[in-house]
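Asks: Got a structure for you, written out below as structure tokens; questions coming shortly.
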Amino acid sequence: MNRREFSRNSVLLGMGALAGFGESGQAMAQNQSGDYYEEPAKKLPVRKFDVVVAGAGTAGVVAAMAAARQGAKTMLIERKGYTGGTVTEGGTALHSFYNLWKAFPGVEKRQVVRGIPQQIIDRLMAIGACSGHAEMVRGYDYDSVCTAIDTELYKLVTMQMLDEAGVFIAVNTLLTGAIMDGSRIRGAIVDSRSGREAIYAKTFVDCSAYGDLAAFAGADYKVPNDYACCNSIGLANVDLDGYVAHLEEHGGSNQLAYGMRSGQPGKVVRFNGGLGGEFSTEARKIGMSSMITTVHDNYLMFVKCDFKVPGSVVNRDDMARAELEVRKRQAKAVELFRKYVPGCEKAFMARTSPTLNIRRGRLITCDYDITLDDVLEGRHFDDDVMAYGFHDSAPRFQVKNGGTYGIPYKAQRVKGIENLLACGMMITSNHDAHMSTRNTVCCMGQGQGAGTAAALCAAKNCGTRDLRYSDLRDALTKADVYFEA
Ligand SMILES: Cc1cc2nc3c(=O)[nH]c(=O)nc-3n(C[C@H](O)[C@H](O)[C@H](O)COP(=O)(O)OP(=O)(O)OC[C@H]3O[C@@H](n4cnc5c(N)ncnc54)[C@H](O)[C@@H]3O)c2cc1C
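Residue 150 in the numbering used here is what sits at position 149 of the sequence shown, and the numbering runs on without skipping anything.
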């Protein structure tokens, strides 16, 4: 289905709901004709909010907290039963709260992402669910710190913080459409076991990673399919110290950081688990990589199995084949660990992600598109919502002089839609620029920017383009967001 057909379906669905057609959701035989079934229109119950955030993932939890803390009546819509998104499912360390100071001697160490993202870390630290910002002692031309988390407790902590902020949390709820009023979104359509509902709001923030809300609203988008998809394994019943000792005897790991692990400071929390030899040859065949972080003595995360989808990452059937292929690869990956890695002879797969992750689904067109030059030159804008200093392809690409660049508010405004902001992995078209903006901590910071802006727009009853930047900047500064320009 192309973009136009996709959005027309969602808009018609919304118009049907507004026009108040028949109430029955039951199939009517006379509507069945040939290859198509005409769905009967029905009246949907309406709920009203100031701000709706679609997707309770990396960016979404922060966006919803930020909006609610500004006083906006906020709803957060999440298709899974928990909050946290890809932070809890895909990655290893949270990159990165700091500038790359260690790679640039003489450059000042700066924590460049603070605010709500740091508050989440503080809460995790208080319950022993984070390594802390552990300084890299090897591989610091890639990142200065490693911040590893207990992914299960991340889900709990973020949900508790959302609850404390007064966010209406709708988990197990799928966003399935948009109700349009010209170029303004009037509402989102959601489906859950409580039925189908129309959720009205003044301002919307799309944090669904795939840009589902933006696509339903008719925004312009592409599906670049420029990354492999992946499912990540948490491996338990391992002797971590035995594994690391073996690595050290055989050439060592090119990344190393010491931090909090099982309640003890000064423990290895990050290393490159590649062993070389036959292990690596076999690992390559299944797209396996093993950059490992951990916060527990006998558990490591994440062993990743990559697979490049030969079709489209928004096609259900292509993705179903990929889900099966990756599950086969995961089983093989555990076999390899048991066979080749000392300390992992009795390892087992303790967790996998409920669905494949990908580093990019849809790319949503916004008012501004951050370029690779912006990132590498450390460019700041007159409407920055945050500063960021990490690049996932370092040391090949690094932000100039260990500095930072800015994420501008205009890069979050979805083009052509009056009251929709986007954040997370769905923005930034250039692949190499995206290799920076899509990282977890950048997504979290973007969430605080967009959630705050959405709340201010709702309070002032204005479109996202009519918000005075000075108001946004003041609110973000008061909420401990760090700016460099
Ligand atoms: C395999 C992998 C490894 C990575 N490794 C790292 C790493 O080590 N360090 C790092 O910093 N970054 C890493 N990244 C990048 C980073 O994790 C992601 O780019 C980032 O987490 C994306 O955040 P997001 O908020 O855009 O999306 P997500 O965190 O994915 O959140 C989107 C949320 O929206 C929900 N959603 C989607 N559609 C709907 C719908 N229609 N209705 C309701 N809910 C919906 C989803 O369930 C999800 O919870 C990795 C990414 C992947 C895929």
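For glycine and all other residues, C-beta sits at the position ideal for the given N, C-alpha and C. Please read these numbers as outputs of a predicted model, since none were measured by experiment.
#1: Helix, strand or coil for arginine 380? Go by DSSP, reduced to three states.
#2: What's the gap between the Cα of glutamate 198 and the Cα of arginine 124?
#3: Can you give the Cα-Cα distance for tyrosine 483 and tyrosine 341, rounded to whole angstroms?
#4: Assess, as a yes-or-no matter, whether the region 298 to 308 is touched by the region 199 to 210 under the definition of 3 or more beta carbon pairs within less than 8 Å.
#5: Run through the DSSP bridge pairs and tell me what leucine 101 is partnered with.
#6: Taking 7 Å as the cut-off, is the CB of arginine 330 close to at least one heavy atom of ligand 1?
#7: Mind checking whether the beta-carbon of glutamate 79 lies closer than 7 Å to any heavy atom of ligand 1?
#8: Where do the ends of the beta strand (DSSP E) carrying aspartate 207 lie?
#9: Just reading off the alpha helix (DSSP H) that lysine 340 is part of, what are its end residues?
#10: Name, in chain order, the residues that DSSP records as bridge partners for arginine 187.
#11: Nearest-angstrom Cα distance between arginine 80 and arginine 360?
#12: Exposed or buried, which one is serine 394 when buried takes at least 16 other CB atoms within 10 Å?
#13: When every heavy atom of ligand 1 is checked, does at least one fall within less than 7 Å of the C-beta of leucine 95?
#14: Do valine 224 and threonine 405 have their CB atoms nearer than 8 Å?
#15: Is the region 63 to 83 in contact with the region 437 to 453, if contact means three or more CB pairs nearer than 8 Å?
#16: So, for phenylalanine 50: in the same chain, excluding its five sequence neighbours on each side, which residues have a beta-carbon less than 6 Å away from its beta-carbon?
#17: Serine 437 by DSSP, collapsed to three states: which one?
#18: Can you name, in chain order, every residue of its own chain whose Cβ lies under 8 Å from the Cβ of phenylalanine 349, other than the five neighbours on each side?
#19: Which ranges does the alpha helix (DSSP H) cover as unbroken runs of at least 4 residues, wholly within the region 214 to 284, from first to last along the chain?
#20: Check the DSSP bridge columns for aspartate 182 and list the partner residues they point to.
#21: Within its chain, find whatever has a CB closer than 8 Å to the CB of methionine 436; leave out the 5 residues flanking it on each side and keep chain order.
#22: I'd like to check one pair, serine 354 with aspartate 298: are the Cβ atoms closer than 8 Å?
#23: Taking 7 Å as the cut-off, does the CB of methionine 427 come closer than this to any heavy atom belonging to ligand 1?
#24: I need the DSSP call for cysteine 443, collapsed to helix, strand or coil.
#25: With 16 as the cutoff for other CB atoms within 10 Å, does serine 313 come out buried or exposed?
#26: Using beta-carbon positions only, say whether tyrosine 389 and glycine 446 come within less than 8 Å of one another.
#27: Tell me which residues share the same chain as cysteine 231 and place their Cβ nearer than 6 Å to its Cβ, disregarding the 5 neighbours each side in the sequence.
#28: If I measure Cβ to Cβ from glutamine 119 and keep anything under 8 Å in the same chain, skipping five residues before and after, which residues do I get?
#29: Only counting the same chain, and skipping five residues up and downstream in sequence, which positions put a Cβ closer than 6 Å to that of tyrosine 410?
#30: So, with DSSP's three-state summary, where would you put lysine 309?
#31: Sort out for me which residues DSSP pairs glutamine 112 with in a bridge.
#32: Helix, strand or coil: how does DSSP classify threonine 152 here?
#33: Is the separation between the beta-carbon of threonine 429 and that of threonine 441 shorter than 8 Å?
#34: Might you give, ordered along the chain, the residues of its own chain that have their beta carbon closer than 6 Å to the beta carbon of glycine 188, omitting 5 neighbours on each side?
#35: Touch check for the region 285 to 298 and the region 321 to 340: three-plus C-beta pairs under 8 Å?
#36: CA-CA distance, leucine 101 and serine 195?
Replies: If we stick to the structure as given:
#1: Coil, per DSSP.
#2: Cα to Cα, the separation comes out at about 34 Å.
#3: Distance between the alpha carbons of tyrosine 483 and tyrosine 341 is about 45 Å.
#4: Because the criterion of three Cβ pairs below 8 Å is not met, the region 199 to 210 and the region 298 to 308 do not touch.
#5: Secondary-structure assignment with DSSP links leucine 101 through no beta bridge to anything.
#6: Incorrect: arginine 330 has no Cβ contact closer than 7 Å to ligand 1.
#7: Because some heavy atom of ligand 1 lies under 7 Å away, the Cβ of glutamate 79 counts as near it: yes.
#8: Note, aspartate 207: beta strand (DSSP E), 204 to 207.
#9: 317 to 341 is the span of the alpha helix (DSSP H), which, as asked, contains lysine 340.
#10: Within the DSSP bridge table, the entry for arginine 187 names no partner.
#11: Here the C-alpha atom of arginine 80 lies approximately 18 Å from the C-alpha atom of arginine 360.
#12: It counts as exposed.
#13: Yes; taking the cut-off as 7 Å, the Cβ of leucine 95 has a heavy atom of ligand 1 nearer than that.
#14: Here valine 224 is not near threonine 405, since their CB atoms are 8 Å or more apart.
#15: Flag = yes, the region 63 to 83 and the region 437 to 453 touch.
#16: Here the set comprises Lys74, Met76 and Ala202.
#17: Here serine 437 carries a helix assignment [DSSP, helix/strand/coil].
#18: The residues are Leu236, Ala237, Asn238 and Val335.
#19: Considered as a whole, the region 214 to 284 harbours 241 to 250 as its complete alpha helix (DSSP H) runs of no fewer than 4 residues, in chain order.
#20: Here aspartate 182 is bridged, per DSSP, to Arg185.
#21: Excluding positions up to five away in sequence, the list reads His392, Asp393, Ser394 and Phe398.
#22: With respect to serine 354, aspartate 298 sits apart: the two C-beta atoms are not nearer than 8 Å.
#23: Yes, ligand 1 has a heavy atom inside 7 Å of this Cβ.
#24: Here cysteine 443 carries a helix assignment [DSSP, helix/strand/coil].
#25: Burial call: exposed.
#26: Yes.
#27: Closer than 6 Å at Cβ, skipping near neighbours: Lys305, Asp307 and Asn358.
#28: Beyond the five residues adjoining it in sequence on each side, glutamine 119 comes within less than 8 Å, by CB distance, of Phe98, Gln112 and Asp481 in the same chain, given in chain order.
#29: These residues qualify, in order along the chain: Asp384 and Val386.
#30: If DSSP states are grouped into helix, strand and coil, lysine 309 belongs with coil.
#31: The partner list for glutamine 112 (beta bridge, DSSP) reads Tyr99.
#32: Correct three-state label for threonine 152: helix.
#33: Taking 8 Å as the Cβ cut-off, threonine 429 and threonine 441 do not qualify as a contacting pair.
#34: Around glycine 188: Ile180, Ala199, Ile200 and Tyr201.
#35: Touching, per the Cβ criterion.
#36: Leucine 101 and serine 195 have their alpha carbons spaced roughly 48 Å apart.
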